[in-house]
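Comments concern the structure below.
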Amino acid sequence: MIIFKKANELQEYLQKQKVNNRSIGFVPTMGALHEGHLSLVDLSKKNSDLTVVSIFVNPTQFNDPKDYQLYPITIENDCFLLEKSGADILFLPYVNEIYPNGTDINKHFDLGYLENILEGLYRPGHFQGVCQVVKRLLEIVQPDKLYLGQKDFQQVLVIKKLINALNINIHTIVAPIKRESNGLAMSSRNMRLSETERQKAAAIFEALNMIKNDWGKKEMNQLKKDASEYLLKAGFEKIDYIEICNADSLKPIEANATNIKVVALIAAFIGNVRLIDNLILY
Ligand code: AMP
Numbered sequence: 021m022i023i024f025k026k027a028n029e030l031q032e033y034l035q036k037q038k039v040n041n042r043s044i045g046f047v048p049t050m051g052a053l054h055e056g057h058l059s060l061v062d063l064s065k066k067n068s069d070l071t072v073v074s075i076f077v078n079p080t081q082f083n084d085p086k087d088y089q090l091y092p093i094t095i096e097n098d099c100f101l102l103e104k105s106g107a108d109i110l111f112l113p114y115v116n117e118i119y120p121n122g123t124d125i126n127k128h129f130d131l132g133y134l135e136n137i138l139e140g141l142y143r144p145g146h147f148q149g150v151c152q153v154v155k156r157l158l159e160i161v162q163p164d165k166l167y168l169g170q171k172d173f174q175q176v177l178v179i180k181k182l183i184n185a186l187n188i189n190i191h192t193i194v195a196p197i198k199r200e201s202n203g204l205a206m207s208s209r210n211m212r213l214s215e216t217e218r219q220k221a222a223a224i225f226e227a228l229n230m231i232k233n234d235w236g237k238k239e240m241n242q243l244k245k246d247a248s249e250y251l252l253k254a255g256f257e258k259i260d261y262i263e264i265c266n267a268d269s270l271k272p273i274e275a276n277a278t279n280i281k282v283v284a285l286i287a288a289f290i291g292n293v294r295l296i297d298n299l300i301l302y
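Residue numbers for the sequence shown follow my numbering, so the first one is 21 and each next one is one higher.
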């Protein structure tokens, strides 16, 4: 695996690969890697000639400065895991490499309805920061395929909208959520949980499954109320949202809607760690 820290050196290298018609798969991450990230690397390796992984903890997408400060950094282990997984290139830039003109977001990305719902509502500015960094990374790497996780459900829709607006030809591939044996969705933030909290945190997946089992049998508000009570009883201290939406648009489900894909999404705190998860209902 080759490690690049400079954008121009990476670009120069990748240009040469492109001349040789090698297809490029790209897996952007914020590091503190786990099996979920590695499943994206695996997918990319199967579908592209060259797999580029980036590790960059993007300061502009953190609305909570404390969350940024506490974000786990495990670079040595990340390198070890990536080497083992067969990734070809790791892009590991410093902040000034990504933002040579500073971290202010001067451009507003039009995300429409997606901007201020769910994650956008509870993390103001978050998706503007995500678009800012993804745009820059895509300009540097210019991949053929981009690998994203369903774990960040709304982020996938946001990035697809960005790619569409930029009018670039990148195929987006979405990987299923990797889970711990107790059902907890793998996340870098899980490293901040104690062993007891990790056990309790599985309730988020259980609550999603409860919704799935009761879907069609109970009213929407009752489904959300039951899930909320379940989470609070299990030890979650605060719930940002429990929503059931159209999976293609994240818009509310119309009464009697048929033939649409439906997703349940939850964001909730255990201790001071905010966890998100989702489950396709049908
Ligand atoms: P992050 O490092 O959290 O920004 O995540 C980088 C990429 O990995 C994103 O596309 C995430 O959606 C994806 N990802 C994170 N957790 C998981 C998981 N448990 N399973 C599959 N993909 C994941």
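From the three backbone atoms N, C-alpha and C, an ideal C-beta is built for every residue, glycine too.
Under the three-state reduction of DSSP output, E263 falls in the strand class.
Per the CB criterion, closer than 6 Å to any heavy atom of the ligand AMP, the qualifying residues run in chain order as T49, M50, G56, H57, S59, L60, L168, G169, K171, D172, A195, I197, K198, A205, M206, S207 and S208. Within the model, the alpha-carbon separation for P272 versus N298 is close to 15 Å. Between Y250 and A227, the C-beta spacing is below 7 Å. Spatial neighbours of L131 in its own chain (CB-CB distance under 7 Å, excluding positions within 5 residues in sequence) are listed in chain order as F147, V178 and K181. Contact between the stretch 59-74 and the stretch 92-110 is present, with at least three C-beta pairs closer than 8 Å. Under the DSSP assignment, I75 falls outside any alpha helix (DSSP H), being part of the beta strand (DSSP E) whose first and last residues are L70 to I75.
When only Cα atoms are considered, S59 and F46 end up about 13 Å apart. Your pair M21 and E103 checks out as a contact, with CB atoms roughly 5 Å apart and the cut at 8 Å. From the listed residues P120, K127 and L101, the smallest Cα separation to L53 is found for L101.
Contact holds between the stretch 253-261 and the stretch 277-293, because three or more Cβ pairs, one in each stretch, are under 8 Å apart. Excluding sequence positions up to five before and after E200, its CB lies within less than 7 Å of the CB of M206, all in the same chain and listed in chain order.
Contact check between the stretch 81-94 and the stretch 28-42: fewer than three CB pairs, one atom from each, fall below 8 Å, which does not count as touching.
If only complete runs of 3 or more residues are kept, the stretch 89-114 shows the beta strand (DSSP E) at 109-111, in order along the chain. In this structure, Q174 places its C-beta atom within 7 Å of the C-beta atom of L138. Spatial neighbours of S105 in its own chain (CB-CB distance under 6 Å, excluding positions within 5 residues in sequence) are listed in chain order as L58 and V61. Excluding sequence positions up to five before and after R156, its CB lies within less than 6 Å of the CB of I118, all in the same chain and listed in chain order.
Here Y133 is not bridged, per DSSP, to any residue. Counting every other CB atom within 10 Å of its CB across the protein chains shown gives Y167 a total of 16 or more, marking it as buried. Close CB contacts of I280 within its chain, under the 6 Å cut and outside five residues either way in sequence, are with N266 (chain order).
Close CB contacts of E29 within its chain, under the 7 Å cut and outside five residues either way in sequence, are absent.
Residue pairing from DSSP places H191 in a beta bridge opposite K165.
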